[in-house]
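**Student:** Residue numbers (our numbering), protein chains in the order written: chain A, 115 to 293; chain B, 19 to 265.
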Amino acid sequence: MENLDCCSNVDFRVLYKSVYPTLFKIAYRITCDEEAAEDLSHDSLIKAHEKRMKFPTLLDAKYWLIRVTKNNALNYIKRKSRERNAYGKVLYENVRKRVQTSETQYLQNESIETVRRALDELPPKLKEAIVLKEYGELNYKEIGTILGISEGNVKVRIFRARKEIAKLIGGGDNVYIPD
Amino acid sequence: MSISLTKDKCPTEDILCVYVDGELPAKYKSYVDAHIEHCQLCKARLSSLQSIKNTSSLDNEALSGALSNETFLNGSFERLQTKLHYERNTKHSLYAKRSWAVFSAKVLAAAAVLAFAVALPLVTLSKKAGVQSNTVTYTPREQFNPIERPRLIENSQGAQNAAFGGVGSFSYPAANATRQRHFVLEAAMPDVIPDVDVFKPNFNKDSINMDFSIDMWYNGRKIVRQSFGIPIKKENAKNFIHKLPHP
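(1) Using 7 angstroms as the limit for Cβ to Cβ distance, is A/Lys-139 near chain B?
(2) Grab me the residues of B/Val-38's own chain with a C-beta within less than 6 angstroms of its C-beta, minus the 5 sequence neighbours each way, in chain order.
(3) Give me the residue from A/Arg-230, A/Leu-154 and A/Ala-151 with the minimum Cα distance to B/Asn-78.
(4) Tell whether a beta-carbon distance below 7 angstroms holds between A/Tyr-190 and A/Ala-150.
(5) Rounded C-beta distance between A/Ile-244 and A/Ala-275? I'm assuming under 8 angstroms.
(6) Check the Cβ of B/Cys-28 against every Cβ in chain A and list those closer than 9 angstroms, keeping chain order.
(7) Could you tell me whether the region 45 to 62 of chain B touches the region 84 to 94 of chain B, using the rule of 3 or more Cβ pairs below 8 angstroms?
(8) Nearest to A/Lys-156 by alpha carbon, out of B/Glu-55, B/Ala-80 and B/Glu-105?
(9) Can you find the residues in the same chain that come closer than 8 angstroms, C-beta to C-beta, to A/Phe-138, ignoring five residues on each side of it along the sequence?
(10) What do you reckon, are the CB atoms on A/Tyr-254 and A/Val-268 nearer than 7 angstroms?
(11) Less than 7 angstroms between CB atoms is the rule here; does B/Phe-95 satisfy it with respect to chain A?
(12) Below 7 angstroms between beta carbons: does that hold for A/Thr-171 and A/Ile-140?
(13) Which whole-angstrom value is the C-beta distance of B/Glu-31 and B/Arg-63, which I expect to be below 8 angstroms?
(14) Taking B/Glu-105 as the query, report the chain A residues whose CB atoms sit under 9 angstroms from its CB, ordered along the chain.
(15) To the nearest angstrom, report how far apart B/His-103 and A/His-163 are at their CA atoms.
(16) Can you tell me where the beta strand (DSSP E) with A/Pro-135 in it begins and where it stops?
(17) Would you kindly check if the distance between the Cβ of A/Ile-260 and the Cβ of A/Ile-180 is under 7 angstroms?
(18) Per DSSP, what are the beta-bridge partners of A/Leu-118 in this structure?
(19) Of all the CB atoms in chain B, is at least one closer than 7 angstroms to the CB of A/Ile-257?
(20) Give me the chain A residues within the contact set of B/Thr-61, using Cβ-Cβ distance strictly less than 7 angstroms, ordered along the chain.
(21) Going by beta carbon distance, what residues of the same chain come within less than 6 angstroms of A/Ala-232, once the five residues before and after it are set aside?
(22) Output the distance between the C-alpha atoms of B/Leu-2 and A/Asp-147, rounded to the nearest integer angstrom.
(23) Using a Cβ cut-off of 7 angstroms, pull out every chain B residue sitting near A/Ala-280, in sequence order please.
(24) Is B/Cys-28 helix, strand or coil by DSSP?
(25) Evaluate A/Pro-237 with the Cβ neighbour count: other Cβ atoms within 10 Å of its Cβ, from every protein chain shown; 16 or more gives buried, anything less gives exposed.
(26) Spatial neighbours of A/Arg-143 within its chain, please: CB distance less than 7 angstroms, with the 5 preceding and 5 following residues excluded, ordered by chain position.
(27) Would A/Arg-271 count as contacting chain B if we go by Cβ distances under 7 angstroms?
(28) Let me make sure I understand the geometry here. Which of A/Arg-196, A/Lys-192, A/Leu-159 and A/Glu-197 has the alpha-carbon closest to that of A/Lys-241?
(29) Would you list, in chain order, the members of the region 41 to 56 of chain B that have their beta-carbon closer than 9 angstroms to a beta-carbon of chain A?
(30) Can you tell me the Cα-Cα spacing of B/Ile-54 and A/Lys-161, whole angstroms?
(31) State the Cα-Cα distance for the pair A/Glu-224 and A/Ile-257, rounded to the nearest angstrom.
(32) So what does DSSP say about A/Ile-260, is it helix, strand or coil?
(33) Comparing alpha-carbon positions, which option in A/Lys-131, A/Lys-239, A/Glu-251 and A/Lys-247 lies nearest B/Asn-87?
(34) Looking at the unbroken alpha helix (DSSP H) that takes in A/Ile-226, where does it start and where does it end?
(35) Give me the Cα-Cα distance between A/Lys-277 and A/Gly-262, rounded to the nearest whole angstrom.
(36) Below 8 angstroms on the Cβ atoms is my guess for A/Leu-118 versus A/Lys-168; work out the distance and round it to an integer in Å.
Written as structure tokens, this is what we have:
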């Protein structure tokens, strides 16, 4: 699609349909909170609409929205962790509980949970790269465009992220290895 | 990341990582393929990376599956629409209400003081002619003629108070004298500006009426209270807002 106008209802709907699931997945894997993921994905779409953004292609719109969502999601967890430190364990457990109940809806696999937890522990720079790779289904070049870094840098971050995950889950004994 | 590969030399782990993502150029890929055939260590390293990748992929597929649910997508779209409407209404009206109030308060205060300065002599004259006026509660003893146009000299508390200053001549009939004095008039702005949001869709009236009453002070004494209502048409209000600079 050429010349996508966020103010046009038709274009906005197209944009929503094609990008929203990706935005949601990225926000969800960064925040581990369904409600927050929806809000954050919505916020970026609202921002595009409000700023009357016009994109030359659907892909440009996608990259822009992913960048906004990703940044907001990282800010969200930063704020959350500050709050968590301030209010102690109560909030933390609430978050955990919600995540686990929602988790059971679509995934039972323990190894997935293990990897997801490890993902959660990663520093933001590695986390954003690996989340965009695995959940945004983007290639190195696209990730580089979104993060504003070189392709080589993306490779390095993804490699470090995987190494870190491997370290966190402890050598891969409890990791699901497909046949 | 430099890539130097031979069949016998183990590729570095970052290359394996790129291989796992399927982004290794074809010519290097064949090297790696050939190498892992006989190198057990690299095979193990590769499968470790692969298993992490696969686990994430499974997770991603599960999420995608859950998200492709039409009911969820449509529901979420509806919530998004609601938020959009809300955002549009509140953002506009908050901005509009505030700047409109401040701007019109300033303009009206200036207009009121001007009107006051010009009208006061007339009011006293009309009193003499026997015309009743309910708005003027205090009949000044001295006749006041502004020489300078009153100008805004202070606006210390936002829209709430505006002070105007200028030069005027005061006549003292009893002493049979006229003195030129600097004057400061404080206009206390009404703190209740009608809380009407003209941008809300439920705003049906064609115009709203803003009631102002402005107290004029001179040397700490309230000398007059001016009250007036100004009808503002909805479409004018909109035009007016669009011309305002962004704060």
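Using N, Cα and C, we set each Cβ at its ideal position, and we do this for glycine too.
Here the structure is a predicted model, which means the values were calculated and not measured.
**Tutor:** Quick look at the numbers:
(1) What you label residue 139 of chain A is simply residue 25 of the first sequence in a count that begins at 1. It does: the Cβ of A/Lys-139 has a partner Cβ on chain B nearer than 7 angstroms.
(2) Counting from one through the second sequence, the residue named residue 38 of chain B turns up at place 20. Same-chain partners within the cutoff: Leu-67, Gln-68 and Lys-71.
(3) Here residue 78 of chain B corresponds to residue number 60 of the second sequence, with the count starting at 1. Comparing Cα-Cα distances from B/Asn-78 to each of A/Arg-230, A/Leu-154 and A/Ala-151, the minimum goes to A/Arg-230.
(4) The count along the first sequence starts at 1 and reaches residue 190 of chain A at position 76. The count along the first sequence starts at 1 and reaches residue 150 of chain A at position 36. With respect to A/Ala-150, A/Tyr-190 sits close: the two C-beta atoms are nearer than 7 angstroms.
(5) The residue labelled residue 244 of chain A in the question sits at position 130 within the first sequence. The residue labelled residue 275 of chain A in the question sits at position 161 within the first sequence. Rounded, the Cβ-Cβ distance is 4 angstroms, consistent with contact.
(6) Residue mapping note: residue 28 of chain B aligns to position 10 of the second sequence, counting from 1. Within chain A, no residue comes near B/Cys-28; the closest Cβ sits about 16 angstroms away, beyond 9 angstroms.
(7) no
(8) If you number the first sequence from 1, residue 156 of chain A lands on position 42. One detail in the question is off: residue 156 of chain A reads as His in this sequence, not Lys. Closest by alpha carbon: B/Glu-105.
(9) On the first sequence, residue 138 of chain A is found 24 positions in, with the first residue counted as 1. Annotation for A/Phe-138: Ala-151, Glu-152 and Ser-155 place their beta carbon closer than 8 angstroms to its own, counting only its chain and skipping 5 residues before and after.
(10) If you number the first sequence from 1, residue 254 of chain A lands on position 140. If you number the first sequence from 1, residue 268 of chain A lands on position 154. Using a Cβ distance threshold of 7 angstroms, A/Tyr-254 and A/Val-268 count as a contacting pair.
(11) As a first step, residue 95 of chain B is located in the second sequence; it is residue number 77 there, counting from the start. At a cut-off of 7 angstroms between C-beta atoms, B/Phe-95 counts as an interface residue with respect to chain A.
(12) Counting from 1 along the first sequence, the entry for residue 171 of chain A is found at position 57. Counting from 1 along the first sequence, the entry for residue 140 of chain A is found at position 26. No, Cβ-Cβ distance for A/Thr-171 and A/Ile-140 is not below 7 angstroms.
(13) Start at 1 with the first residue of the second sequence, and residue 31 of chain B comes out as number 13. Start at 1 with the first residue of the second sequence, and residue 63 of chain B comes out as number 45. At roughly 6 angstroms, the Cβ-Cβ gap stays under 8 angstroms, so B/Glu-31 and B/Arg-63 are in contact.
(14) Translated into the one-based positions of the second sequence, residue 105 of chain B becomes position 87. Correct list: Ile-160, His-163 and Glu-164.
(15) In the second sequence, counting from the first residue as 1, residue 103 of chain B sits at position 85. In the first sequence, counting from the first residue as 1, residue 163 of chain A sits at position 49. Using only the alpha carbons, I get a separation of about 11 angstroms.
(16) Numbered from its first residue, the first sequence carries residue 135 of chain A at position 21. A/Pro-135 -> not in any beta strand (DSSP E); alpha helix (DSSP H) instead, spanning 123 to 145.
(17) Along the first sequence, read from residue 1 onward, the residue named residue 180 of chain A stands at position 66. Along the first sequence, read from residue 1 onward, the residue named residue 260 of chain A stands at position 146. Taking 7 angstroms as the Cβ cut-off, A/Ile-180 and A/Ile-260 qualify as a contacting pair.
(18) Looking up residue 118 of chain A in the first sequence gives position 4. According to DSSP, A/Leu-118 bridges with A/Phe-169.
(19) Translated into the one-based positions of the first sequence, residue 257 of chain A becomes position 143. Closer than 7 angstroms: no.
(20) For the purposes of this step, residue 61 of chain B is identified with residue 43 of the second sequence, where counting begins at 1. Sequence inspection shows Lys at residue 61 of chain B; the Thr mentioned does not correspond to that position. In chain order: nothing, as chain A lies at least about 13 angstroms away.
(21) Numbered from 1 along the first sequence, position 118 holds the residue referred to as residue 232 of chain A. So the list reads Ile-279, Leu-282 and Ile-283, once near-sequence residues are dropped.
(22) No statement about residue 2 of chain B is possible, as the shown extent of chain B runs from 19 to 265 and does not include it.
(23) Stepping through the first sequence from its first residue, residue 280 of chain A is reached at position 166. Near A/Ala-280 (Cβ distances below 7 angstroms), the residues of chain B are Ser-66 and Ile-70.
(24) Numbered from its first residue, the second sequence carries residue 28 of chain B at position 10. In this structure, B/Cys-28 counts as coil in the three-state DSSP scheme.
(25) Position 123 of the first sequence, counted from the first residue, corresponds to residue 237 of chain A. Exposed, because fewer than 16 other Cβ atoms sit within 10 Å of the Cβ of A/Pro-237.
(26) Reading the first sequence from its first residue, position 29 is the one you call residue 143 of chain A. Correct list, in chain order: Leu-233, Val-245 and Tyr-249.
(27) Counting from one through the first sequence, the residue named residue 271 of chain A turns up at place 157. Answer no: the Cβ-Cβ gap between A/Arg-271 and chain B never drops below 7 angstroms.
(28) The residue you call residue 241 of chain A lines up with position 127 of the first sequence. Taking only the C-alpha atoms, the option nearest A/Lys-241 is A/Lys-192.
(29) Taking 9 angstroms as the Cβ-Cβ cut-off, the region 41 to 56 of chain B approaches chain A at Glu-41, given in chain order.
(30) As a working mapping, residue 54 of chain B is identified with position 36 in the second sequence. As a working mapping, residue 161 of chain A is identified with position 47 in the first sequence. Cα to Cα, B/Ile-54 sits roughly 48 angstroms from A/Lys-161.
(31) As a position in the first sequence, residue 224 of chain A is number 110, starting the count at 1. As a position in the first sequence, residue 257 of chain A is number 143, starting the count at 1. If you take the alpha carbons of A/Glu-224 and A/Ile-257, they lie about 28 angstroms apart.
(32) Along the first sequence, one-based indexing puts residue 260 of chain A at 146. A/Ile-260: helix per DSSP, three-state reduction.
(33) If you number the second sequence from 1, residue 87 of chain B lands on position 69. Minimum Cα distance to B/Asn-87 is reached at A/Lys-131.
(34) As a first step, residue 226 of chain A is located in the first sequence; it is residue number 112 there, counting from the start. 224 to 235 is the span of the alpha helix (DSSP H), which, as asked, contains A/Ile-226.
(35) Position 163 of the first sequence, counted from the first residue, corresponds to residue 277 of chain A. Position 148 of the first sequence, counted from the first residue, corresponds to residue 262 of chain A. When rounded, the distance between both Cα atoms is 23 angstroms.
(36) Taking the first residue of the first sequence as 1, we reach residue 118 of chain A at position 4. Taking the first residue of the first sequence as 1, we reach residue 168 of chain A at position 54. Right, their Cβ atoms sit about 7 angstroms apart.
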